[in-house]
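Trainee:
Chains as they are written, first to last, in the numbering used here: chain A, 100 to 434; chain B, 100 to 434.
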């Protein structure tokens, strides 16, 4: 529950994942929500072979709820019950298209952090003009950052991209106002100094706003304030284009015709800018596997979140993060 | 000099401005650069009636020069000589498509600040889906900001938009990660507290990355680190679209045809996203009128910079800023 189209899109997404996995992977689905509603919708939709259980969680944390307060007051919400279920070992991952802040805070508070991680973070893939997307980290979890956080974001992002996209030595850039080492605010200057000598990632230096979509780096590191604004601005581009075209189209019959002719082409070109293809963002750095989806997640997006969760588990991303960051902190302690 | 196509685009732009002003406004142009070169190009191009003088400035601060060092070492550069000429009262405004950092630092150091201004700032218009552009301030002048700077950016931006676009009570928003008052990093939270009670601007609260292009506000205030990244990301969008279309087009003959058919429409639709139409950004808060152009400024962009400079002078924007900010500082002192 909590997503804009819950529980239907969640159920349909799980069914899509079940179908995709058929014959290759066995996944048990656990649905949290008002039990009666879920059982009714599931029995009407789920294939007979699909294995699932339902856990009653009658409360819903809405998009309007203040995360910290809601986590305290709504103990029987899908988010609190689901994350606790995961923490207690009854589930290998937790997925939600609900209130992002609540999932993030809940994940951090209830699951705790991986050893060596100062702050869990949310990373998001951006489309690029190249063949691979670019991971921007952090996109809103930490609005005030210390240089060390940014350093850790780089290490976590690098491991994630390496394991999920199969890029051998992901290029990690620091989002900044210029390419030169001397550029940036105090945070960026200090983070640069930490990152430049790191053996835990392939740091390629500063990268600018215009480089994100161009795919200049595989991982772009920034504080969550900047990253969140960048994410929302980037997401708005497609919408702006749509409005501009509609506007233009409405001005004359000829305009209408020429826009109509280009729509199929535009659709195909811009498909790669469709965020639902990326299916949710990981909460990196927590002791668990948490995938956060957009409130408007379609069944396809939910399906992709399930696939992503299995990848994060199978490729032991959390263990790799712990190995990388706890060894760094150890060597810091020795030095 | 200093612009990518100097001095030709500068000269052609001045000629365009002269033609546009013909019969309504008399402007004396002063060109700074290698005297012989300028005289040659000008005598070959300028209409007989156009009034201009040439001031010899044989040195050029290039795009690669470090601004502070270049300002010290190149006293005979077009930027240093031009700004000094303006400071000494021989010119009413200074315009350059050269090294932005050098023009900004030179403007601040040589002209000084308007009374009541803590930090001069650079503001830039963004296209919107509405009828008016949105002014984002700061877009790179101040990468580390105090809350008070953001407050002043709001006041200066508001006056600028009011005078240049004729919007009576411009809506000023604070760029943030959410609309609620409780959202944001430390800087945004403190700036919000300062701005919310201000009588010097129409503060409408927090605004998000997605709202910029939607024209939700007339002025969007942020620190120069965030603003610079937002500006460069936004500018890259058209380029990304171009590359995507080219890519798609190259895949088959049918694709090529359908892209070719849509190009004229796309051009017209996206014309409004063409940054050269806005013709340069003002360095707000200095004791003078300084307009900074993109290095790639076309003659049209240069012409628009000249028009903009005359507007800033005629509408007494600096005096209005001084009145607004010095009175605030006074009332703070009294209170």
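Built from N, CA and C at the ideal position, the CB exists for glycine as well.
Quick one: is residue 412/A buried, meaning 16 or more other Cβ sit within 10 Å of its Cβ, or exposed?
Mentor: Residue 412/A comes out exposed.
Trainee: Check residue 220/B in the structure and name its three-state DSSP category.
Mentor: strand
Trainee: Within 10 angstroms of the Cβ of residue 175/A, are there 16 or more other Cβ atoms? Answer buried if so, exposed if not.
Mentor: Under the 10 Å beta carbon count, residue 175/A is surrounded by fewer than 16 other beta carbons and is classified as exposed.
Trainee: Given a cut-off of 8 Å on the beta-carbon distance, is the pair residue 186/A and residue 210/A in contact?
Mentor: Yes, the pair counts as a contact, with Cβ atoms nearer than the cut-off.
Trainee: Does the count of Cβ pairs from the stretch 378-393 of chain A and the stretch 343-363 of chain A closer than 8 Å reach three?
Mentor: no
Trainee: With a cut-off of 8 Å, do at least 3 Cβ pairs link the stretch 235-252 of chain A to the stretch 116-133 of chain B?
Mentor: Counting Cβ pairs under 8 Å, fewer than three are found: no touch.
Trainee: Does the beta carbon of residue 158/B come closer than 8 Å to any beta carbon on chain A?
Mentor: no
Trainee: Would residue 442/A be called buried (16 or more neighbouring beta carbons within 10 Å of its own) or exposed?
Mentor: The requested residue 442/A is not part of the displayed model; chain A covers only 100 to 434.
Trainee: Spatial neighbours of residue 312/B within its chain, please: C-beta separation below 6 Å, excluding the five flanking residues on both sides.
Mentor: 227
Trainee: Quick check: what's the CA-CA separation for residue 207/A versus residue 219/A?
Mentor: 7 Å
Trainee: Which of helix, strand or coil does DSSP assign to residue 158/A?
Mentor: strand
Trainee: Kindly say whether residue 285/B, judged by its beta-carbon, lies nearer than 8 Å to any beta-carbon of chain A.
Mentor: yes
Trainee: Applying a beta-carbon distance threshold of less than 7 Å, which residues of chain A neighbour residue 239/B?
Mentor: 276
Trainee: For residue 108/A, return the contacting residues in chain B, with the cut-off set at a CB-CB distance below 7 Å.
Mentor: Correct list: empty, because the minimum Cβ distance to chain B is about 22 Å.
Trainee: Step through the CB atoms of chain A and report whether any lies within less than 8 Å of the CB of residue 343/B.
Mentor: yes
Trainee: List the endpoints of the continuous alpha helix (DSSP H) containing residue 166/A.
Mentor: 166-172
Trainee: Give the list of continuous alpha helix (DSSP H) stretches no shorter than 4 residues that lie fully inside the stretch 223-307 of chain B.
Mentor: 246-264 and 285-294
Trainee: List, in order along the chain, the chain B residues whose C-beta lies closer than 9 Å to that of residue 313/A?
Mentor: 335, 338, 339 and 342
Trainee: For residue 134/A, which residues from the same chain have a beta carbon less than 6 Å from its beta carbon, with the 5 sequence-adjacent residues on both sides left out?
Mentor: 153 and 155
Trainee: Kindly indicate the opening and closing residues of the beta strand (DSSP E) around residue 106/B.
Mentor: No beta strand (DSSP E) holds residue 106/B; DSSP gives it neither H nor E.
Trainee: What residue from 387/A, 102/A, 299/A and 401/A has the CA that sits closest to residue 497/A's CA?
Mentor: With chain A covering only 100 through 434, there is no way to say anything about residue 497/A.
Trainee: Would you decide whether residue 351/A is buried or exposed? Buried here means 16 or more other CB atoms lie within 10 Å of its CB.
Mentor: exposed
Trainee: Spatial neighbours of residue 128/B within its chain, please: C-beta separation below 6 Å, excluding the five flanking residues on both sides.
Mentor: 113 and 151
Trainee: From residue 366/B to residue 233/B, what does the alpha carbon distance come to, in whole angstroms?
Mentor: 21 Å
Trainee: For residue 391/B, go through chain D and note every residue whose CB falls closer than 8 Å to its CB, in chain order.
Mentor: Of the chains in the structure shown, none is chain D; the protein chains are A and B.
Trainee: Kindly indicate the opening and closing residues of the beta strand (DSSP E) around residue 188/A.
Mentor: Unbroken run through residue 188/A: none, as it is neither H nor E.
Trainee: Which residue's Cα is closest to the Cα of residue 334/A: 223/A, 304/A and 274/A?
Mentor: 223/A
Trainee: By DSSP, does residue 146/B sit in helix, in strand, or in coil?
Mentor: coil
Trainee: Reducing DSSP to helix, strand and coil, say where residue 176/B ends up.
Mentor: The DSSP-derived three-state label of residue 176/B is strand.
Trainee: Since residue 297/A meets chain B, which of its residues come closer than 9 Å, beta carbon to beta carbon?
Mentor: Going along chain B, no residue has its Cβ under 9 Å from residue 297/A, so there is no contact; the nearest lies around 22 Å.
Trainee: Taking 7 Å as the line, does the beta carbon of residue 188/B fall inside it for any heavy atom of the ligand ATP?
Mentor: Looking at this structure, you won't find the ligand ATP or any other ligand, since it has none at all.
Trainee: Quick test of the definition: if touching needs 3 or more C-beta pairs under 8 Å, does the stretch 287-294 of chain B touch the stretch 352-366 of chain B?
Mentor: Because the criterion of three Cβ pairs below 8 Å is not met, the stretch 287-294 of chain B and the stretch 352-366 of chain B do not touch.
Trainee: From the DSSP output, read off the bridge partner residues of residue 363/B.
Mentor: Residue 363/B pairs with nothing; no bridge assigned.
Trainee: Along the chain, where does the alpha helix (DSSP H) that runs through residue 328/B open and close?
Mentor: Segment 323-348, the alpha helix (DSSP H) holding residue 328/B.
Trainee: With 16 as the cutoff for other CB atoms within 10 Å, does residue 106/B come out buried or exposed?
Mentor: buried
Trainee: Straight-line CA distance for residue 337/B to residue 331/B?
Mentor: 11 Å
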